[in-house]
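Chains A and B, in that order, give the protein sequences. Residues 597 to 719, numbered by the working numbering, are exactly what the first sequence covers, in order. Residues 597 to 719, numbered by the working numbering, are exactly what the second sequence covers, in order. Backbone N, C-alpha and C define an ideal beta-carbon position, used for all residues, glycine too. Keep in mind it's a predicted model, so treat the numbers as computed, not measured. Worksheet: one structure, shown below.
There are 2 protein chains.
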Amino acid sequence: MGTALAEMTMPQISPLAGEPIDRADAERLAGVLKALADPARLRLLSLIQSAPEGEACVCDLTAPLGLSQPTVSHHLRILTEAGLLEREKRGVWAFYRLVPSAIGTIADLLTPPRKRAAKKSPR
Amino acid sequence: MGTALAEMTMPQISPLAGEPIDRADAERLAGVLKALADPARLRLLSLIQSAPEGEACVCDLTAPLGLSQPTVSHHLRILTEAGLLEREKRGVWAFYRLVPSAIGTIADLLTPPRKRAAKKSPR
DNA sequence: TGTAGATATGCAGGCGGGTCGATGCTGTTG
DNA sequence: CAACAGCATCGACCCGCCTGCATATCTACA
């Protein structure tokens with residue numbers, strides 16, 4: 597299934613290096629970035645990442661965020677569908693944790709090849 | 597001045613590493629990410645980056661994007677205010693180019709790995 | 001089986017943002 | 001000086017999204 601991120605991890609080139617990216621790639625990358633581009637969701641990622649076992653359930657996140665439970669579930673859903681979080685249900689609780697290298701993958705997609713390569717002419 | 601990104605490059609910690617980020621930092625980072633989280637703007641960055649001299653004017657970008665000139669100017673404005681692009685007016689044209697390590701900075705903010713000294717709140 | 005707690009989903013209101021056409025501004029050219 | 005080209009700004013439309021309330025679903029337990 598999707599998880600958006602998974603669809604672009606392996607594919608091809610760094611969207612912001614080399615030749616222009618096409619609409620499709622731009623759409624996909626923008627989609628994942630949209631999931632990140634929200635204060636509440638950034639804080640969710642941060643809270644989960646810094647939680648005891650690197651995981652947290654909805655009930656632990658509602659208070660710190662100051663948002664209603666449905667809203668928190670909504671954001672967690674978006675992050676999960678984007679491939680940034682994974683959900684595991686244990687008993688009555690739903691535990692969320694960061695997908696290991698998901699964010700790193702995004703960072704890599706944004707970062708131009710660390711090798712100077714580049715066909716950039718001097719000037 | 598502002599440029600959003602500049603306000604957070606130096607400031608503090610990696611938002612997605614260590615302890616939870618506060619609302620203010622989340623807002624700022626989300627703001628910059630919002631600028632990136634749009635297909636048209638990603639393509640603009642890509643187009644400009646891969647242009648002959650690493651720069652391009654509005655008239656060169658309108659056609660490839662398939663958007664109206666006002667819309668393109670609008671997106672360029674957002675990217676500039678976010679600190680991702682810099683604008684230089686030469687004659688009648690406005691040339692845009694990537695701010696050297698702007699995107700790299702964002703990637704670094706997202707990536708926990710590296711150990712960067714920078715302790716915050718000396719005040 | 002019935003009840004209570006933890007999450008997910010549906011629905012609706014309100015705001016923000018992408019897009020375009022029209023217009024104003026500035027520098028270039030004849 | 002007049003006409004024109006390149007951009008920015010303005011106003012407006014419309015769609016998508018964040019949020020909360022109400023409700024459904026599911027698990028644990030008595």
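- Query: Assuming B/Val-688 contacts B/Leu-672 under a Cβ cut-off of 8 Å, what Cβ separation, rounded to an integer in Å, is found between them?
  - Reply: Not a contact, Cβ separation roughly 16 Å.
- Please go through the segment 607-654 of chain A and give each complete alpha helix (DSSP H) segment of 4 or more residues, from N-terminal end onward. Qualifying alpha helix (DSSP H) stretches, in chain order: 619-632, 635-645.
- Between which two residues does the alpha helix (DSSP H) harbouring A/Ala-690 extend? That residue, A/Ala-690, is in no alpha helix (DSSP H); its beta strand (DSSP E) goes 689-694.
- Quick one: which residues of the segment 616-636 of chain B get their C-beta closer than 7 Å to a C-beta of chain A? List them in chain order. Going along the segment 616-636 of chain B in chain order, one finds Pro-616, Ile-617, Arg-619, Ala-622, Glu-623, Leu-625, Ala-626, Leu-629, Lys-630, Leu-632, Ala-633, Asp-634, Pro-635 with a Cβ nearer than 7 Å to chain A.
- Task: Please name the residue in B/Ile-617, B/Leu-625, B/Ser-669 whose C-alpha comes closest to that of B/Arg-637.
- Result: If we check each option's Cα against that of B/Arg-637, B/Ser-669 comes out closest.
- State the Cα-Cα distance for the pair A/Leu-681 and B/Arg-686, rounded to the nearest angstrom. Roughly 47 Å between the two C-alpha positions.
- Determine the contact status of B/Leu-675 and B/Leu-641, defining contact as a CB-CB distance below 8 Å. Cβ distance < 8 Å, so B/Leu-675 and B/Leu-641 count as in contact.
- Is the shortest distance between the beta-carbon of B/Gly-700 and the beta-carbons of chain A less than 8 Å? The C-beta of B/Gly-700 comes closer than 8 Å to at least one C-beta of chain A.
- Option nearest A/Ala-647 by Cα separation, candidates A/Thr-701, A/Arg-693, A/Thr-707, A/Ala-703: Checked all of A/Thr-701, A/Arg-693, A/Thr-707, A/Ala-703; the closest Cα to A/Ala-647 is A/Arg-693.
- Does the distance from the CB of B/Ser-652 to the CB of A/Ala-633 come in under 8 Å? According to the sequence as given, residue 652 of chain B is Ala; it is not Ser. For the 8 Å CB-CB criterion, B/Ala-652 and A/Ala-633 do not form a contact.
- Contact set between A/Ala-703 and chain B, taken where Cβ atoms lie within less than 7 Å: Within chain B, the residues near A/Ala-703 are Ala-703, Leu-706, Thr-707.
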